[in-house]
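Residue numbers (the numbering used here): 14 to 192.
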């Protein structure tokens, strides 16, 4: 995204000069992104939240994994970031559950499908990184998917939801032995 600014220099009522400039904001308008990597029987998920550095009040993450994966509650870690002048960022300190955010994992008792809701307890103004795992409950070459949404006050563009798919590889084996 580019933002345009015009500065004017006046002497009383008389305009003396006008300057126009544009600035690009790295990740401007980017609210949420997700990556997934299979790690044995797990999928490691990494979620970039608020990469565009918007000010968002009452920010809430809603996540809907497909029913062929199981959320690992103990694997959830939310990190603050250090933002560089070029807009890139890296993970820094881990945020504290109960102080900085709340986490609720919900399971539909009839289908077993799980969802989670992560609520930021303070306004956010810079990126955060959420990392967590799911256990794969799928067959070989089956697709698992995950839809995540960021909601909150002051979000003005439509880029607040993303879906990530990964095809899993499951190996199995059997054997016998005599002695």
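Virtual Cβ for every residue (Gly too), placed ideally from N, Cα, C. Please read all numbers here as calculations on a predicted model, not as lab measurements.
Here residue 44 carries a coil assignment [DSSP, helix/strand/coil].
Per DSSP, residue 88 is one residue of the beta strand (DSSP E) stretching across 82 to 96. Linking residue 96 to residue 109 through their CA atoms gives a straight-line distance of about 20 Å.
Rounded to the nearest angstrom, the gap between the Cα atoms of residue 105 and residue 27 is 51 Å. Around the CB of residue 32, fewer than 16 other CB atoms lie within 10 Å, so the residue is classed as exposed. By the criterion of a C-beta distance shorter than 6 Å, residue 177 is surrounded in its chain by 47, 49, 159, once the five residues flanking it on both sides are discounted.
With contacts defined as CB atoms closer than 9 Å, residue 84 and residue 114 fail to qualify as a contacting pair. By the CB criterion at 9 Å, residue 163 and residue 129 fall outside the cutoff. Pairing residue 141 with residue 23, the inter-Cα distance amounts to about 43 Å. In this structure, the beta-carbon distance from residue 182 to residue 66 does not fall below 9 Å. Across the set 147, 80, 44, the C-alpha of 44 shows the shortest separation from the C-alpha of residue 63.
Looking at the DSSP output, residue 117 bridges to 130. The beta-carbon distance between residue 58 and residue 155, rounded to whole angstroms, is 17 Å. This is too long to meet the 8 Å contact definition. Rounded to whole angstroms, the separation of the alpha carbons of residue 152 and residue 131 is 29 Å.
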